[in-house]
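Participant: All residue numbers for the sequence shown refer to full-length UniProt numbering, where the first residue is 1 and numbers rise by one.
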Amino acid sequence: MPVAESRPETHPDFELEREHLSQTVAAMIRQIEFWEDRDRQMGADLETSIILGDQAEEFAAMLSPHVHQPFFGSLKVRVAGREQTLYVGKHGFRDVKGPYSVVSWDSEVGSLFYSDALGWTPRKGSAGVIKRRRQLDVHSKKLLRVTDLYDDEHGGDTGGREEVLLRRLQEDSTAGMRDVVETLQPEQNAAMRAPAGTPVIIQGAAGSGKTTIGFHRLTWMTNPDRGVHRARPEACMVLMPNRVLAAYAARILPELGIERVVVTTPEAWATGLLGLEKLEVTDRTLSLLLTDRDNTRRALAWRKAKLLGDARMLDVVRTHLWGKFNAGLAGQSIRESIEVRGREPVVLHFPETELAAMLRDVFAADPLAGYRAGMRRAIETEALSRLNVPEGEEAGVLRQLSAPLTTFLGRVFASTTPITEARRLLGSADALAASGLLTDREIQLLLTDPLSGIPTPRRANADVTEIPVMLAVQAFTGGIGRLDGRTLEPFDHVVLDEAQDYSPLLYALLGRATRPGHITALGDLNQGMHGYKGPSSWEAVQAQLPGAQVLTLGRTYRSTRQITELGARIAATYNRAAAVQGVDRDGADVQRYVAPADAPHGELPLIAQAVKDAQAAGHRNIAIVTRRGVDADRLAEALREFDTDAQPITTQEHRFRGGLVILPVNLAKGLEFSAAIVASANAQTYDESTEYERRLLYVSASRALHWLGLVSAGDLHPLIA
Ligand SMILES: Nc1ncnc2c1ncn2[C@@H]1O[C@H](COP(=O)(O)OP(=O)(O)OP(=O)(O)O)[C@@H](O)[C@H]1O
Numbered sequence: 001m002p003v004a005e006s007r008p009e010t011h012p013d014f015e016l017e018r019e020h021l022s023q024t025v026a027a028m029i030r031q032i033e034f035w036e037d038r039d040r041q042m043g044a045d046l047e048t049s050i051i052l053g054d055q056a057e058e059f060a061a062m063l064s065p066h067v068h069q070p071f072f073g074s075l076k077v078r079v080a081g082r083e084q085t086l087y088v089g090k091h092g093f094r095d096v097k098g099p100y101s102v103v104s105w106d107s108e109v110g111s112l113f114y115s116d117a118l119g120w121t122p123r124k125g126s127a128g129v130i131k132r133r134r135q136l137d138v139h140s141k142k143l144l145r146v147t148d149l150y151d152d153e154h155g156g157d158t159g160g161r162e163e164v165l166l167r168r169l170q171e172d173s174t175a176g177m178r179d180v181v182e183t184l185q186p187e188q189n190a191a192m193r194a195p196a197g198t199p200v201i202i203q204g205a206a207g208s209g210k211t212t213i214g215f216h217r218l219t220w221m222t223n224p225d226r227g228v229h230r231a232r233p234e235a236c237m238v239l240m241p242n243r244v245l246a247a248y249a250a251r252i253l254p255e256l257g258i259e260r261v262v263v264t265t266p267e268a269w270a271t272g273l274l275g276l277e278k279l280e281v282t283d284r285t286l287s288l289l290l291t292d293r294d295n296t297r298r299a300l301a302w303r304k305a306k307l308l309g310d311a312r313m314l315d316v317v318r319t320h321l322w323g324k325f326n327a328g329l330a331g332q333s334i335r336e337s338i339e340v341r342g343r344e345p346v347v348l349h350f351p352e353t354e355l356a357a358m359l360r361d362v363f364a365a366d367p368l369a370g371y372r373a374g375m376r377r378a379i380e381t382e383a384l385s386r387l388n389v390p391e392g393e394e395a396g397v398l399r400q401l402s403a404p405l406t407t408f409l410g411r412v413f414a415s416t417t418p419i420t421e422a423r424r425l426l427g428s429a430d431a432l433a434a435s436g437l438l439t440d441r442e443i444q445l446l447l448t449d450p451l452s453g454i455p456t457p458r459r460a461n462a463d464v465t466e467i468p469v470m471l472a473v474q475a476f477t478g479g480i481g482r483l484d485g486r487t488l489e490p491f492d493h494v495v496l497d498e499a500q501d502y503s504p505l506l507y508a509l510l511g512r513a514t515r516p517g518h519i520t521a522l523g524d525l526n527q528g529m530h531g532y533k534g535p536s537s538w539e540a541v542q543a544q545l546p547g548a549q550v551l552t553l554g555r556t557y558r559s560t561r562q563i564t565e566l567g568a569r570i571a572a573t574y575n576r577a578a579a580v581q582g583v584d585r586d587g588a589d590v591q592r593y594v595a596p597a598d599a600p601h602g603e604l605p606l607i608a609q610a611v612k613d614a615q616a617a618g619h620r621n622i623a624i625v626t627r628r629g630v631d632a633d634r635l636a637e638a639l640r641e642f643d644t645d646a647q648p649i650t651t652q653e654h655r656f657r658g659g660l661v662i663l664p665v666n667l668a669k670g671l672e673f674s675a676a677i678v679a680s681a682n683a684q685t686y687d688e689s690t691e692y693e694r695r696l697l698y699v700s701a702s703r704a705l706h707w708l709g710l711v712s713a714g715d716l717h718p719l720i721a
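Have a look at this one:
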């Protein structure tokens, strides 16, 4: 069946829809004017009037940005013999006096627009049937197009959903991640709306929309419809692999209507929590894997890194701290004379045996704020109850207790900075053996140092592989979570991007730091660049996040068929999973630029030419991708001689602001551009025999939406030649 066409003259309902749009715009404007008119926001007294006025102003401010596009779709439903059309937009709007209401995309009914379901049973009321789904392209208050996606009266599915999607995918990239509210696909919608309070692992190939969907799920979590599971944006955190990507992705948030979410990197979060923002984080395992040719040493380094991120390490750390704090308690007691107003002073005495019993209870209770705070609270509570302190006098008693308590806690818990304590544990066979959880071979492995040949920086540093153990020490002693002023709270919701790079131990810790069931992990086990620090399977993650569901996104959306096919050729050399299904979108052929290996200026003139060609094809956001940061800096400089001014993005401080940029592949991961040019796309740069290098080549070659150029002085890489 032909798709009901979109041009005004061909879609029979175009005029009707245009009229509905203009009436909706008018109704919204009326409502905004009403809210903005303070004289009409009258309460019983002045104070209530002011509150009402402020509230109304806030409503007006929230609705205003949506007047230019009140909705993007509609749903015709039949319930109890009555037909009704619901309009779906980015922001809900209730037309109190008329029929021009809009339901929000992230509401319960909004979901029906995206799913393939043909009926539904609401919580109350009778079951309904979907009669029609319709896309309405609106821009600047003007209706541009009407496309039916599903029409009961015309044979059901029209193929319109694919048509709308393809149109959207043809658009140019922007300087930030975009929302896909208008074209969310059924499987994405289902993943986004996996029951609130259930941890979710979204597995999907590159370009399947994982990261995008993760942010949409976060927004969905903040909707009041989520009830007890509703998340406050300021209490949520998103972890992304680097700061360039974090800044790029965070731009989606205002579009989705939420603000104040913390979007950062795991390293920044960890060093912040450890109170060591200046700590340099190294990845010496990676350096060794890339430079050392000794296979035994490589295998050792890999296995040691894996073991450091093993979830059992949580209890290894806990047992170690138990032994340490108990030893610290030996010979300690608290004896303090306390005055309660109106009574004789009494001596409060906690002998060692009692303190030891309290410590045992604190370990058993495992408080979020850590054992130190837990112990303080336990002693304070016991003191108040033992002295039978009247309510008004509690603060005074606690003040008297404060100094001796701090001294005592200092003796037991001090000298435990997470870094030194983690290293002390990892260097001691006895400490590692205490829990009985590790085998002798594993203990030996932890005591060896396969990385001794890899230099460490001069500054204070920690390796990514030891950070989870340090965080575990921190979690047990000082607590782990979100700092709200001086108190530690669990995060309302945490989203992890590139979730295949988080160890099971980190998952266990993040689970502690977050409300139960409130982690959304987005990843692709096939894209793992750092298998030594990630989980071996999603089951290993599920073991740390009770009840976690794995949802798979099967389609990819980013690139044209030509670019997707090229990427698939590279990925097929290491990817064991079945080939993914791309959206079949036709585009320009992949362009290849090859100069003789001894050409006077090497590949420079070719890169400059590729940039000109991409620009001539109409692209503005263009990336030149290099293998390393130094290559990008060097090329940026040299290309100026060839009339090409590319902005380098070579440190995490740089930001992508659109235009022509040059950046190394590790910073390009996750970003996307209308056009991309892979510099030095050859086997000298991306070693063919190393899987890691082939994965990097894949990342470089998969950054473009529409146009891809491959450049080399000397033969192109065999996988893409
Ligand atoms: N339903 C959709 N409608 C329109 N565009 C979409 C849709 N889903 C994904 N896209 C687009 O596909 C591209 C890839 O999305 P995204 O970056 O979220 O994928 P990803 O799975 O996180 O990829 P990677 O693993 O490479 O980081 C983006 O341009 C995104 O806007």
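Ideal Cβ positions, reconstructed from N, Cα and C, are used throughout, including at glycine. Bear in mind that the values here come from a model prediction, so they are computed numbers and not experimental data.
When the Cα atoms are used, what is the spatial distance from residue 187 to residue 115?
Facilitator: Against the sequence shown, residue 187 aligns to sequence position 187. Against the sequence shown, residue 115 aligns to sequence position 115. Their backbone Cα atoms lie some 8 Å apart in a straight line.
Participant: Could you check how far apart the C-beta atoms of residue 104 and residue 92 are, in whole angstroms? I think they sit under 8 Å.
Facilitator: Here residue 104 corresponds to residue number 104 of the sequence shown, with the count starting at 1. Here residue 92 corresponds to residue number 92 of the sequence shown, with the count starting at 1. Going by Cβ atoms, the distance from residue 104 to residue 92 rounds to 4 Å, so yes, they are a contact pair.
Participant: What's the call for residue 25, buried or exposed, on a 16-neighbour Cβ count within 10 Å?
Facilitator: The count along the sequence shown starts at 1 and reaches residue 25 at position 25. When all chains shown are included, residue 25 counts as buried.
Participant: Compare the beta carbon distance of residue 368 and residue 479 with 8 Å and say whether it is the shorter of the two.
Facilitator: Along the sequence shown, read from residue 1 onward, the residue named residue 368 stands at position 368. Along the sequence shown, read from residue 1 onward, the residue named residue 479 stands at position 479. Yes, the pair counts as a contact, with Cβ atoms nearer than the cut-off.
Participant: Let's see if you can read the secondary structure: which residues bound the beta strand (DSSP E) around residue 114?
Facilitator: Within the sequence shown, numbered from 1, the residue matching residue 114 stands at position 114. Where residue 114 is concerned, there is no enclosing beta strand (DSSP E), although the alpha helix (DSSP H) it sits in stretches over 110–114.
Participant: Kindly identify the DSSP beta-bridge partner or partners of residue 549.
Facilitator: Reading the sequence shown from its first residue, position 549 is the one you call residue 549. Residue 549 is bridged to 200.
Participant: Count the other C-beta atoms from every protein chain shown that fall within 10 angstroms of the C-beta of residue 111, then say buried if there are 16 or more, exposed otherwise.
Facilitator: Residue numbering aside, residue 111 sits at position 111 when the sequence shown is read from its first letter. Buried, by the Cβ-count rule.
Participant: Measure the beta-carbon distance from residue 668 to residue 703 and round it to whole angstroms, keeping in mind my assumption that it falls under 8 Å.
Facilitator: Against the sequence shown, residue 668 aligns to sequence position 668. Against the sequence shown, residue 703 aligns to sequence position 703. Indeed they touch by this definition, with Cβ atoms about 5 Å apart.
Participant: Assuming residue 305 and residue 285 make a contact with CB atoms under 8 Å, what is their CB distance in whole Å?
Facilitator: For this step, residue 305 is matched to residue 305 along the sequence shown. For this step, residue 285 is matched to residue 285 along the sequence shown. Right, the Cβ-Cβ distance comes to about 5 Å (below 8 Å), so this counts as a contact.
Participant: Hey, is the segment 502–509 in contact with the segment 467–479, meaning 3+ C-beta pairs nearer than 8 Å?
Facilitator: These segments touch.
Participant: Only counting the same chain, and skipping five residues up and downstream in sequence, which positions put a Cβ closer than 6 Å to that of residue 69?
Facilitator: Here residue 69 refers to the residue found at position 69 of the sequence shown. Within the same chain, residue 69 has close Cβ partners 138.
Participant: When the Cα of residue 200 is compared with those of 327, 683, 542, 208, which residue comes out closest?
Facilitator: Sequence index remark: in the sequence shown, residue 200 carries index 200 (1-based). If we check each option's Cα against that of residue 200, 542 comes out closest.
Participant: Unbroken alpha helix (DSSP H) runs of length 4 or more, entirely within the segment 435–487: which are they?
Facilitator: Complete alpha helix (DSSP H) runs here, min 4: 440–447, 467–477.
Participant: Going by beta-carbon coordinates alone, are residue 707 and residue 680 separated by less than 8 Å?
Facilitator: Numbered from its first residue, the sequence shown carries residue 707 at position 707. Numbered from its first residue, the sequence shown carries residue 680 at position 680. In this structure, residue 680 does not lie closer than 8 Å to residue 707 by Cβ.
Participant: Going by the CB atoms, is the gap between residue 191 and residue 202 shorter than 8 Å?
Facilitator: For the purposes of this step, residue 202 is taken as the residue at position 202 of the sequence shown. For the purposes of this step, residue 191 is taken as the residue at position 191 of the sequence shown. Closer than 8 Å, so yes.
Participant: Tell me whether the beta-carbon of residue 644 lies closer than 8 Å to the beta-carbon of residue 207.
Facilitator: To locate residue 644, count along the sequence shown from 1; it is residue 644. To locate residue 207, count along the sequence shown from 1; it is residue 207. Not closer than 8 Å, so no.
Participant: If you count every other CB in all the chains shown that lies within 10 Å of the CB of residue 142, and 16 or more means buried, which is it?
Facilitator: Counting from one through the sequence shown, the residue named residue 142 turns up at place 142. Exposed.
Participant: Under the rule that 16 or more other beta-carbon atoms within 10 Å means buried, what is residue 182, buried or exposed?
Facilitator: One-based indexing of the sequence shown puts residue 182 at position 182. Residue 182 comes out buried.
Participant: Is it a yes or a no for the segment 233–243 touching the segment 481–494, going by three-plus beta-carbon pairs under 8 Å?
Facilitator: Cβ pair count under 8 Å is three or more, so yes.
Participant: Along the chain, where does the alpha helix (DSSP H) that runs through residue 729 open and close?
Facilitator: Since the first and last residues shown for the chain are 1 and 721, residue 729 lies out of range.
Participant: Starting from the Cα of residue 670, find the closest Cα among 529, 554, 225 and give me that residue.
Facilitator: Counted from its first residue, the sequence shown places residue 670 at position 670. It is 529 whose Cα lies nearest to the Cα of residue 670.
Participant: Where residue 174 and residue 621 are concerned, what is the direct C-alpha to C-alpha distance, given to the nearest angstrom?
Facilitator: Locating residue 174 in the sequence shown gives position 174, counting from the first residue. Locating residue 621 in the sequence shown gives position 621, counting from the first residue. Distance between the alpha carbons of residue 174 and residue 621: 7 Å.
Participant: Do you know how far the Cα of residue 515 is from the Cα of residue 374?
Facilitator: Along the sequence shown, read from residue 1 onward, the residue named residue 374 stands at position 374. Along the sequence shown, read from residue 1 onward, the residue named residue 515 stands at position 515. Each residue's Cα considered, the two are about 19 Å apart.
Participant: Pull up the distance between the alpha-carbon of residue 678 and that of residue 701, whole angstroms please.
Facilitator: On the sequence shown, residue 678 is found 678 positions in, with the first residue counted as 1. On the sequence shown, residue 701 is found 701 positions in, with the first residue counted as 1. The straight-line gap from Cα to Cα measures roughly 7 Å.
Participant: Beta-carbon within less than 6 Å of residue 460's beta-carbon, same chain only, minus the 5 sequence neighbours each way: which residues are those?
Facilitator: Taking the first residue of the sequence shown as 1, we reach residue 460 at position 460. Contacts found: 279.
Participant: Measuring alpha carbon to alpha carbon, tell me which residue in 372, 340, 431 is nearest residue 396.
Facilitator: Taking the first residue of the sequence shown as 1, we reach residue 396 at position 396. Checking every option, the nearest Cα to that of residue 396 belongs to 340.
Participant: Could you check where the alpha helix (DSSP H) with residue 720 kicks off and where it finishes?
Facilitator: The residue labelled residue 720 in the question sits at position 720 within the sequence shown. It is not in any alpha helix (DSSP H) - residue 720 carries neither H nor E in the DSSP assignment.
Participant: Taking only three categories from DSSP, how would you classify residue 238?
Facilitator: Position 238 of the sequence shown holds residue 238. Three-state DSSP puts residue 238 in a strand.
Participant: Taking C-alpha atoms, which residue in 131, 417, 500 lies nearest to residue 240?
Facilitator: If you number the sequence shown from 1, residue 240 lands on position 240. Among 131, 417, 500, the Cα nearest to that of residue 240 is on 500.
Participant: Once you ignore the five residues that flank residue 416 on each side, which residues in its own chain have a CB closer than 6 Å to its CB?
Facilitator: Position 416 of the sequence shown, counted from the start, is the residue given in the question as residue 416. The answer, listed in chain order, is 477.
Participant: So for residue 22, helix, strand or coil by DSSP?
Facilitator: For the purposes of this step, residue 22 is taken as the residue at position 22 of the sequence shown. Note: residue 22 maps to helix in three-state DSSP.
Participant: Is it true that the segment 55–69 meets the segment 146–154, where meeting means three or more beta-carbon pairs spaced less than 8 Å apart?
Facilitator: These segments do not touch.
Participant: By the three-class DSSP mapping on this structure, what secondary structure does residue 77 have?
Facilitator: Counting from one through the sequence shown, the residue named residue 77 turns up at place 77. Reduced to three states, the DSSP call for residue 77 is strand.
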